[in-house]
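Anchor point for the sequence shown: position 3 equals 2 in numbering that gives the first Met the number 0, and the numbering is continuous, going up by one each time. In what follows, a single structure is set out as structure tokens and then discussed.
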Amino acid sequence: MDKVVASAADAVADIFDGARLAVGGFGVVGVPEFLIRALRDQGAKDLTAVSNNAGVDGRGLGLLLQTHQIKRMVASYVGENKEFARQYLSGELEVELTPQGTLAERLRAAGAGIPAFYTITGAGTQVAQGGIPFKYDSLGSVVEASEPKETKVLDTFGQPREYVLEESLPCDFAFVRAAKGDRHGNLVFHSSARNFNPPAAQAGAVTIAEVEQLVEPGEIDPDEVHLPGVYVTRVVVLTADQVADKPIEKMTLRED
Numbered sequence: 000m001d002k003v004v005a006s007a008a009d010a011v012a013d014i015f016d017g018a019r020l021a022v023g024g025f026g027v028v029g030v031p032e033f034l035i036r037a038l039r040d041q042g043a044k045d046l047t048a049v050s051n052n053a054g055v056d057g058r059g060l061g062l063l064l065q066t067h068q069i070k071r072m073v074a075s076y077v078g079e080n081k082e083f084a085r086q087y088l089s090g091e092l093e094v095e096l097t098p099q100g101t102l103a104e105r106l107r108a109a110g111a112g113i114p115a116f117y118t119i120t121g122a123g124t125q126v127a128q129g130g131i132p133f134k135y136d137s138l139g140s141v142v143e144a145s146e147p148k149e150t151k152v153l154d155t156f157g158q159p160r161e162y163v164l165e166e167s168l169p170c171d172f173a174f175v176r177a178a179k180g181d182r183h184g185n186l187v188f189h190s191s192a193r194n195f196n197p198p199a200a201q202a203g204a205v206t207i208a209e210v211e212q213l214v215e216p217g218e219i220d221p222d223e224v225h226l227p228g229v230y231v232t233r234v235v236v237l238t239a240d241q242v243a244d245k246p247i248e249k250m251t252l253r254e255d
């Protein structure tokens, strides 16, 4: 099946208001930048975005924050986006902070058909006990907070420990960025750009991949495939200029 679509605009055309969207990337690395821009132009609103971070000001999910298309953010790290902080603290944005490894597993578990799992991460903290602010009002008061989660003592590794029950995160759509892909949707990621892309793709009911290089089926050695095409619904091929658009989040130069 040829999964290549003509444009990013065509690929995101059916994303609806209120959808839950998983997005790959870490900082500005491996971010499906041009699918995000297409969704900004498409205009779907009241979105729940699930991603390691909320982009930076003016790039990645930061673009959807600027247009107020994101209603709720599920993330593990949000420290590089001033607009994100402003919206959260002023009551314009709901935020569900999740430990990074737990977030990755909640996405992966969704793709594996696992509705929930126990993890030691967060046991004995507000992650399990509840009370983490989800939403503030305009005066800075907490109007919605996390609920306590189910815990259980398990003797998995020879010592009884408390574990926290975490639910998986199935998403209506997912955006990912790959270095190489074929027409069947098999993907290869480059180095650290793999990051959250595979679990994000696995969690999406409809997963859309923007790829830097398109090859024909069979040209990718099966042992080199990082994400099988069974997880990918649509493939968008980037132009040379789009491929070259790779920012550096923080540049540090050494004086000789």
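All C-beta atoms, glycine included, are put in the ideal place defined by N, C-alpha and C.
Beta-carbon gap between G24 and N185 smaller than 8 Å: no
Comparing C-alpha positions only, which one of E165, I131, V142 sits nearest to L102? E165
Inter-residue Cα distance where the pair is E248 and E161: 38 Å
Using the three-state DSSP reduction, which class does A211 fall into: helix, strand or coil? The sequence given here has Glu at residue 211, not Ala. Correct three-state label for E211: strand.
Could you give the distance in angstroms between the alpha-carbon of T155 and the alpha-carbon of T118? Those two C-alpha atoms are separated by around 11 Å.
Can you give the Cα-Cα distance for T251 and A10, rounded to whole angstroms? 37 Å
Pick helix, strand or coil for G110, following the three-state DSSP scheme. For G110, the secondary structure class from DSSP, reduced to helix, strand or coil, is helix.
Can you list, in chain order, the residues of its chain whose CB lies under 7 Å from that of T66, leaving out five sequence neighbours each side? Correct list, in chain order: R39.
For A200, is the classification buried or exposed, using 16 other Cβ atoms within 10 angstroms of its Cβ as the cut-off for buried? buried
Could you compute how far the alpha carbon of G123 sits from the alpha carbon of E254? 46 Å
Below 6 Å CB to CB, which residues in the same chain sit around A115 once its five sequence neighbours on both sides are set aside? L164, E166
Sub-8 Å separation of N52 and V73 beta-carbons: no
Reduced DSSP category for V22 - H, G, I as helix; E, B as strand; rest coil: strand
If you compare alpha carbons, which of I207, I219, D181 is closest to I35? I207
Taking the C-alpha atoms as reference points, what is the distance between P198 and S89? 31 Å
Range covered by the alpha helix (DSSP H) that runs through I69: Taken as a continuous stretch (DSSP letters only), I69 belongs to no alpha helix (DSSP H), being part of the beta strand (DSSP E) at 69 to 74.
Among K70, S75, V49, F33, which residue has its Cα nearest to the Cα of G59? F33
Do the segment 13 to 28 and the segment 120 to 138 touch if we need at least three Cβ pairs shorter than 8 Å? no
Once the 5 residues before and after G26 are set aside, which same chain residues still bring their CB inside 6 Å of it? E248
CA nearest to the CA of I69, picked from Q128, S75, D45, G110: D45
Taking the runs of the alpha helix (DSSP H) that are 4 residues or longer, which of them lie wholly in the segment 42 to 105? Fully enclosed alpha helix (DSSP H) runs of 4 or longer: 61 to 65, 81 to 88.
In this structure, how does DSSP classify G180 when only helix, strand and coil are distinguished? strand
With the cut-off set at 8 Å, would you say S75 and T97 are in Cβ contact? yes
In the DSSP assignment, the alpha helix (DSSP H) including P277 goes from what residue to what residue? The structure shown does not extend to residue 277, since the chain spans only 0 to 255, so no value can be given for it.
With burial defined as no fewer than 16 other Cβ atoms inside 10 Å of the residue's Cβ, what is the status of L237: buried or exposed? Residue burial is scored here from C-beta neighbours: L237 has at least 16 other C-beta atoms within 10 angstroms and is therefore classed as buried.
Integer Cβ distance of G130 from S145, believed to fall under 8 Å: 6 Å
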